[in-house]
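Residue numbers (this note's numbering): 57 to 420.
This is the structure:
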């Protein structure tokens with residue numbers, strides 16, 4: 057089924073509370089971005105188990121923990137820069153910070169009045185940014201668990217947030233068809249990049265902080281922006297369906313994108329050339345992540361699987377199964393050394409109400 061979008065139709069979808077139910081119906085038909093889900097009573101149950109898993113890179117991978125949220129689907133998650141904590145959010149709107157090793161809940165962050173769609177740690181790990189359907193970005197002090205700033209200016213749901221590498225700026229994208237850059241220290245808006253009849257599903261800074269990548273829904277493209285001027289530098293085309301997730305490698309050389317066309321694409325960030333297309337998922341790809349050693353891509357899909365890929369060759373190294381519904385978000389624990397052996401933990405969040413922690417135990 058093909059649906060032609062106009063600016064007026066996008067405004068209808070994003071500009072009122074009716075859009076929550078309407079977009080959910082469109083999602084069932086395979087159209088439109090689903091960032092909202094029906095809510096359910098909030099009750100958290102944490103379970104831990106160890107299952108024999110697969111061989112990830114050169115060691116054995118085991119499912120070390122399954123964290124269950126009875127309050128609903130896992131809408132977003134992130135791992136702290138030091139690799140010690142997981143931040144996650146389900147349909148109850150409250151953000152939970154847990155110890156990665158044990159799954160123990162440390163603090164719950166309450167303040168948003170609508171679903172939270174995106175989470176990002178500051179580079180120093182002291183703060184967390186959250187983007188919500190209440191049209192705001194909130195900044196949380198993780199030592200105190202208190203909200204320290206609310207960034208207001210979007211006129212529709214905020215779907216993605218990202219910190220600059222120096223921690224001085226926050227980027228956000230919204231259903232209002234804009235990308236905003238904010239001063240982290242003051243909370244003031246630096247600039248707005250307006251889109252023409254399109255929604256941005258994901259934003260990601262380059263390691264030098266000079267470029268912002270954005271994933272676009274209706275024109276199936278990725279755009280690169282000059283942070284200093286707010287001008288578009290380049291448009292990357294090649295996907296045949298909405299682009300849901302973008303991320304840039306730590307060395308600044310490659311960009312990876314995931315799409316509803318079931319593929320992951322690897323791009324040369326300097327030239328914009330499509331280097332490789334990774335096929336293997338049987339349904340929409342909703343999230344991608346790159347390991348900090350620039351060796352591995354992890355992807356999460358509506359086919360309920362998490363796949364691990366070699367960034368250089370495009371080889372599908374492993375497929376991790378166990379989720380019972382679509383995988384909405386994936387993250388990789390940051391490494392302190394640059395080798396395959398250092399990529400030892402993957403975290404995935406799913407519509408099955410669970411977060412799974414996969415660990416690789418190196419074989420000497």
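Positions of the beta carbon are idealized from the N, C-alpha and C atoms, including for glycine.
Being a predicted model, the structure only gives us computed values, none of them experimental.
Which residues bound the beta strand (DSSP E) around residue i?
i	result
residue 183	183 to 188
residue 242	Residue 242 -> no beta strand (DSSP E), and no H or E assigned at all.
residue 307	Careful: residue 307 lies outside any beta strand (DSSP E) and carries neither H nor E.
residue 193	192 to 197
residue 201	First-last for residue 201: undefined, no H or E at that position.
residue 384	383 to 388
residue 372	372 to 376
Under the DSSP definition of a beta bridge, which residues are partnered with residue i?
i	result
residue 282	267
residue 176	185
residue 356	343 and 362
residue 162	Note: residue 162 sits in no beta bridge, so no partner.
residue 261	268
residue 330	323
residue 448	With the chain running from 57 to 420 in the structure shown, residue 448 is simply not present.
residue 217	228
residue 293	277
residue 401	415
residue 133	144
With a threshold of 16 other CB atoms inside 10 Å of the CB of residue i, please say whether the residue is buried or exposed.
i	result
residue 257	buried
residue 284	exposed
residue 296	exposed
residue 169	exposed
residue 59	For residue 59, the pLDDT reaches just 46, beneath the cut-off of 50, and the residue's location in the model is therefore unreliable, although a value from the coordinates is still provided. Label assigned to residue 59: exposed.
residue 416	buried
residue 335	exposed
residue 250	exposed
residue 148	buried
residue 239	exposed
residue 254	buried
residue 126	exposed
Hey, does residue i have any beta-carbon neighbour from chain B nearer than 8 Å?
i	result
residue 193	This model lacks chain B altogether, as it is built from one protein chain only.
Assuming residue i and residue j make a contact with CB atoms under 8 Å, what is their CB distance in whole Å?
i	j	result
residue 325	residue 353	Not quite, the Cβ-Cβ distance comes to about 15 Å (not below 8 Å), so this is no contact.
residue 198	residue 184	6 Å
residue 364	residue 356	Wrong, their Cβ atoms sit about 11 Å apart, outside the cutoff.
*Touching or not, the stretch 336 to 355 and the stretch 311 to 324, by the rule of three or more beta carbon pairs under 8 Å?*
Contact between the stretch 336 to 355 and the stretch 311 to 324 is present, because at least three Cβ pairs lie under 8 Å.
*State whether the stretch 152 to 159 contacts the stretch 235 to 254, with contact taken as three or more CB pairs (one from each stretch) at a distance under 8 Å.*
Taking a cut-off of 8 Å on C-beta distances, the stretch 152 to 159 does not touch the stretch 235 to 254, as fewer than three cross pairs fall below it.
*Given 8 Å as the limit, is there contact between the stretch 343 to 350 and the stretch 370 to 380, that is, 3 or more CB pairs closer than that?*
They do not touch, by the three-pair rule.
_Under 8 Å, with one C-beta from each stretch per pair, do the stretch 195 to 206 and the stretch 254 to 269 reach the 3-pair mark?_
No: the two stretches stay apart, fewer than three of their Cβ pairs being nearer than 8 Å.
*Below 8 Å, can you find three or more Cβ-Cβ pairs linking the stretch 287 to 294 to the stretch 344 to 360?*
No, because fewer than three Cβ pairs between the stretch 287 to 294 and the stretch 344 to 360 fall closer than 8 Å, the two stretches do not touch.
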